[in-house]
Amino acid sequence: MESGGLRRAYGGVFAEIDAGDLGPAPAGQLSAEQIVAHLVANDELMIQATQALLAGAPFAYYELEEDVHRPQLDALVAEQGGLRGLTAVLHDTSDRLCALVDQLGLAADTPVETHLREGFDLRVDEPLPWSRTLDLHARVHLPKHQAQLHLLRT
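So for the sequence shown, my numbering puts the first residue at 4; every next one is plus one.
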């Protein structure tokens, strides 16, 4: 497995962040800082699962729910000093994840118990080959948050 599509999807997210002029979020929506913090937290979970597979685990677990991280997101925003710091961390986590993905080889077909809940458009509650979960991340999850960032442009 290679990380080209994943790197391109992250590139789209970074392009939205770099374009600037991100305003406040509508009531009930994530702010730009919270979106980036969410992606950092998600990357860390995906890195853990990928490392487990690379270590030879026959099975791994990955769970991301849309609201479960809100207090952690706010703490991460404060810890990193806002959007600039979070963006630097996201560059690091996305690079680490992509580098691990490039090493997966046949381990990419290992089933991972996957639980994803993000709005109504991304719901998964079943074991999936890790390559499929990574594909969902690149084709659905990252573009969704890229679009959210775009909508925050003032």
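Glycine included, C-beta positions come from ideal geometry on N, C-alpha and C.
Spatial distance of residue i from residue j (CA atoms)
i	j	result
Asp98	Ser34	23 Å
Gly8	Gln75	28 Å
His118	Glu129	7 Å
Leu93	Gly108	24 Å
Thr53	Val43	15 Å
Leu89	Arg73	15 Å
Ala16	Gln149	Note that residue 16 is Val in the sequence shown here, rather than Ala. Distance between the alpha carbons of Val16 and Gln149 is about 5 Å.
Glu121	Gly23	25 Å
Limits of the unbroken beta strand (DSSP E) element including residue i
i	result
Asp128	125-132
Pro159	The shown model of the chain, from 4 to 157, leaves out residue 159, and the question about it has no answer.
Collapsed DSSP secondary structure at residue i in the structure displayed
i	result
Thr53	helix
Leu33	coil
Ala141	helix
Ala60	coil
Beta-carbon separation (whole angstroms), residue i vs residue j, contact threshold 8 Å
i	j	result
Leu25	Leu152	7 Å
Leu155	Val143	Not a contact, Cβ separation roughly 19 Å.
Ala110	Leu48	Actually they do not touch by this definition, with Cβ atoms about 17 Å apart.
Glu5	Asp105	6 Å
Limits of the unbroken alpha helix (DSSP H) element including residue i
i	result
His148	145-154
Leu107	Premise fails: Leu107 is in no alpha helix (DSSP H) and is neither H nor E.
Asp77	73-83
Ala2	Only positions 4 to 157 of the chain appear in this structure, which leaves residue 2 out of reach.
Among the options, nearest to residue i - alpha-carbon criterion
i	options	result
Glu66	Thr157, Leu154, Thr136, Arg142	Thr136
Ile20	Gly31, Ile50, Val143, Gln37	Gln37
Ala40	Lys147, Gln83, Ser6	Gln83
Ala102	His148, Asp46, Ala60	Asp46
Asp112	Arg120, Leu131, Asp95, Arg11	Leu131
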